[in-house]
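Step one of this worksheet: look at the structure below.
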Amino acid sequence: MAVYQIIFAQLLDNYAVVQTLTNPEIQAGESIVVASVSATFNGTKTVYAMPQYEFIGVNTEGNLLFDYNVPIPNQVLYYVAGTDTTRYAVIPQGTLTHTQTCTWINGAAVSTWLGIALAGADETAFLTQCANAANNFMYLRRQESGYTDALATSPGTQVTLATTMYAGALYRQRGAIDTFASFSDMGTAVASGLSPLIKQLAGIPRPAVA
Numbered sequence: 179m180a181v182y183q184i185i186f187a188q189l190l191d192n193y194a195v196v197q198t199l200t201n202p203e204i205q206a207g208e209s210i211v212v213a214s215v216s217a218t219f220n221g222t223k224t225v226y227a228m229p230q231y232e233f234i235g236v237n238t239e240g241n242l243l244f245d246y247n248v249p250i251p252n253q254v255l256y257y258v259a260g261t262d263t264t265r266y267a268v269i270p271q272g273t274l275t276h277t278q279t280c281t282w283i284n285g286a287a288v289s290t291w292l293g294i295a296l297a298g299a300d301e302t303a304f305l306t307q308c309a310n311a312a313n314n315f316m317y318l319r320r321q322e323s324g325y326t327d328a329l330a331t332s333p334g335t336q337v338t339l340a341t342t343m344y345a346g347a348l349y350r351q352r353g354a355i356d357t358f359a360s361f362s363d364m365g366t367a368v369a370s371g372l373s374p375l376i377k378q379l380a381g382i383p384r385p386a387v388a
């Protein structure tokens, strides 16, 4: 969960724009919670756009219009039905909360991949923690590589497998510094959590296009 401070807000043509103090790592389509701005702005909202210029309204065809001579960083735009409000400083500052919960795999899937039967509640809890960590890690890494994925549905079986393999690696290296126990490499064991195969399946890092 990330919480950002809202320093400016405006409402125009039923679209609200808030500016945060720092760069929000948010994409269009994701859910946010706005608080301590005003009754009109506050609530759970769906992000429509992340504009980098001053929002000046909507044309007759419904397209968003911007003044490209006025750059404004760290903006989040979402739909709000309300009276137009000129851009103003939010004092005291409001908050924008962004929670990402990726659920591509679960602990049971990792247990099946590992081929183990869990001994008890503690073991199950740790395996679930590994699955949750792998979900969020893979989601963020793919986001950094330019993909736009759904939090609740894996983008493909290859990504599901990559996420499961990474969760399994986290489980196996419990208590180790950089890798899980192995006799194959003897004294020269190498870190194998995010292996080339996992990267290949997950599509990360995404190849640059000239």
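Using the working numbering, the letters of the sequence shown correspond one by one to residues 179 to 388. All C-beta atoms in this analysis are idealised placements derived from N, C-alpha and C, irrespective of residue type, glycine included.
Give me the Cα-Cα distance between N237 and V248, rounded to the nearest whole angstrom. 19 Å
Taking V294 as part of the beta strand (DSSP E), name the residues at either end of that continuous run. According to the sequence as given, residue 294 is Ile; it is not Val. From DSSP, I294 is part of no beta strand (DSSP E); its letter is neither H nor E.
Stretch-stretch touch, CB-based, cutoff 8 Å, three pairs: the segment 287-306 with the segment 223-234: no
Am I right that A295 and M316 are in contact with their C-beta atoms under 8 Å? What's the rounded C-beta distance? 26 Å between Cβ atoms; not a contact.
Please report how far the alpha carbon of A217 lies from the alpha carbon of L242, in whole angstroms. One C-alpha to the other measures close to 24 Å.
Contact set for Y325: own chain, Cβ-Cβ below 8 Å, skip 5 residues either direction: P333, G381, R384
Alpha carbon to alpha carbon, what distance is there between L348 and Q205? Straight-line Cα distance between these residues: approximately 28 Å.
Using the three-state DSSP reduction, which class does R265 fall into: helix, strand or coil? strand
The beta strand (DSSP E) spanning E232 covers which residue range? 231-236
In chain order, what residues of the same chain lie with their CB nearer than 8 Å to the CB of Q271, ignoring the 5 residues before and after it? Q183, I184, I185, L199, S214
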